[in-house]
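For the sequence shown, the UniProt record's numbering gives the first residue as 1, with consecutive numbering after it. Quick reminder that beta carbons are idealized off the backbone N, C-alpha and C, glycines included. The next block holds one structure in the form of structure tokens; read it before the comments.
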Amino acid sequence: MASSVAVSLRALAAAPLPKSSPATSCPFFVLLAPALPRRLLRLRSARRLPLAPLAASDSAFESSVGVNYAEPDDSEKDKEVELFGSGDDEGAGELVDDHSVEVSAAVEDEVEEEVGEYVEPPEEAKVYVGNLPYDVDSERLAQLFDQAGVVEVAEVIYNRETDQSRGFGFVTMSTVEEAEKAVEMFHRYDVNGRLLTVNKAAPRGSRVDRPPRQSGPSLRIYVGNLPWQVDDSRLVELFSEHGKVVDARVVYDRETGRSRGFGFVTMASQDELDDAIAALDGQSLDGRALRVNVAEERPRRGF
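In structure tokens:
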């Protein structure tokens with residue numbers, strides 16, 4: 001019997017190829033599968049779509065290794081359209097875990113309504129906070145003013161060069177009423193031995209009211225030999241002990257942002273000016289002897 005099998009194999013090898021098969025030198029022939037569509041299905045579900053049942057029509061064929069292939073039926077194509085969309089419908093649902101999910105328009109409206117409820121606090125709700133201890137940061141400032149209401153923004157101003165606090169900042173409350181309450185609560189409030197200066201901040205674009213130019217004697221004081229860390233609020237604190245301070249400012253270098261070691265203070269009356277000069281000229285401040293005298297008015301330039 002073995003010899004008959006060998007003869008059959010030799011006869012099979014010598015047999016001519018069928019005309020319907022492609023020409024090849026191989027003694028065996030294989031039916032080629034049709035070109036399949038190249039499409040990747042990216043599903044959020046870990047489950048796979050069920051395979052189409054084997055078709056008994058001409059579209060089904062058998063490969064050389066015995067694996068049957070069938071074109072997907074209409075139900076699978078519908079699921080494919082549901083996944084990718086037809087391309088014509090806007091806002092079509094998305095297939096998630098084998099189920100089509102659509103976002104309700106009512107939910108979208110509710111989200112937009114919630115977002116639209118936030119109202120920007122008015123500029124009048126912003127207050128200036130001066131004479132801050134240098135170790136107070138924005139977080140501590142917010143915690144302090146939280147006693148007066150809802151704090152929207154709290155910011156301590158820092159020197160760009162040294163990254164040290166300049167001793168003042170701003171707090172924006174939720175309403176004007178809360179800002180007024182904060183001024184009442186914290187103006188002259190003691191924080192680590194320093195009395196805060198709290199008042200309404202000037203709105204953006206507005207000009208700060210300055211005292212009118214005096215036709216008589218000047219009420220402006222020159223303060224020299226200032227320690228480098230002294231800022232405007234520290235000047236106000238120092239001169240407030242001798243009268244009402246109308247204006248106080250330290251002069252800074254425009255290039256470096258550092259103090260130039262001097263400044264100017266304007267008092268409310270001549271008596272207060274004289275008292276401040278008599279009390280502070282030559283006094284030591286942080287180890288430096290102050291020079292305090294009446295500031296000379298610069299002559300106006302002619303045209």
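Going by CA-CA distance only, name the one from the options that's closest to residue i.
i, options, result
"S259", "E241, V127, V236, D232", "D232"
"L132", "E120, G149, Q164, V292", "Q164"
"V265", "R249, D271, I157", "R249"
"T256", "N159, A154, F145, D271", "N159"
"G267", "V176, E237, F186", "The question names Gly, but residue 267 is Met in the sequence shown. Here the closest residue by C-alpha is E237."
"G224", "F262, V246, V156", "F262"
"I157", "L280, E296, L290, V136", "V136"
"F145", "T162, A125, E161, V171", "V171"
"V129", "A295, K200, I277", "K200"
"D281", "N293, D271, L273", "N293"
"D274", "D286, V198, K244, S284", "K244"
"E120", "G169, E161, E155, V176", "V176"
"A295", "L285, I277, V191", "I277"
"D286", "Q229, D253, D190", "Q229"
According to DSSP, simplified to helix, strand and coil, what is residue i?
i, result
"D286", "coil"
"E152", "strand"
"V236", "helix"
"D247", "strand"
"V230", "coil"
"E112", "Interpretation of E112 is limited by its pLDDT of 49, a score under 50 that renders its predicted location unreliable; no figure is taken from the coordinates."
"E120", "coil"
"E241", "coil"
Among all the DSSP beta bridges, which residues are the ones paired with residue i?
i, result
"K126", "T172"
"D200", "Reading off the sequence shown, one finds Lys at residue 200, where the question assumed Asp. K200 is bridged to V127."
"L195", "D190"
"S165", "Y158"
"R220", "T266"
"D252", "Asp is not the amino acid found at residue 252; the sequence shown has Tyr there. In DSSP, Y252 forms a bridge with S259."
Write down the C-beta distance between residue i and residue j rounded to the nearest angstrom, noting that I regard them as a contact closer than 8 Å.
i, j, result
"R188", "P227", "Their Cβ separation, rounded to whole angstroms, is 23 Å, which puts R188 and P227 out of contact at 8 Å."
"G149", "S174", "6 Å"
"R220", "G167", "Rounded, the Cβ-Cβ distance is 22 Å, inconsistent with contact."
"A179", "A125", "4 Å"
"S138", "E123", "Their Cβ separation, rounded to whole angstroms, is 19 Å, which puts S138 and E123 out of contact at 8 Å."
Assuming residue i is part of the alpha helix (DSSP H), what are its boundary residues?
i, result
"S138", "138 to 145"
"L273", "270 to 280"
Between which two residues does the beta strand (DSSP E) carrying residue i extend?
i, result
"G263", "259 to 267"
"R291", "291 to 294"
Say whether chain B places a C-beta atom closer than 8 Å to the C-beta of residue i.
i, result
"S174", "Protein chains in the displayed structure number just one, and chain B is not present."
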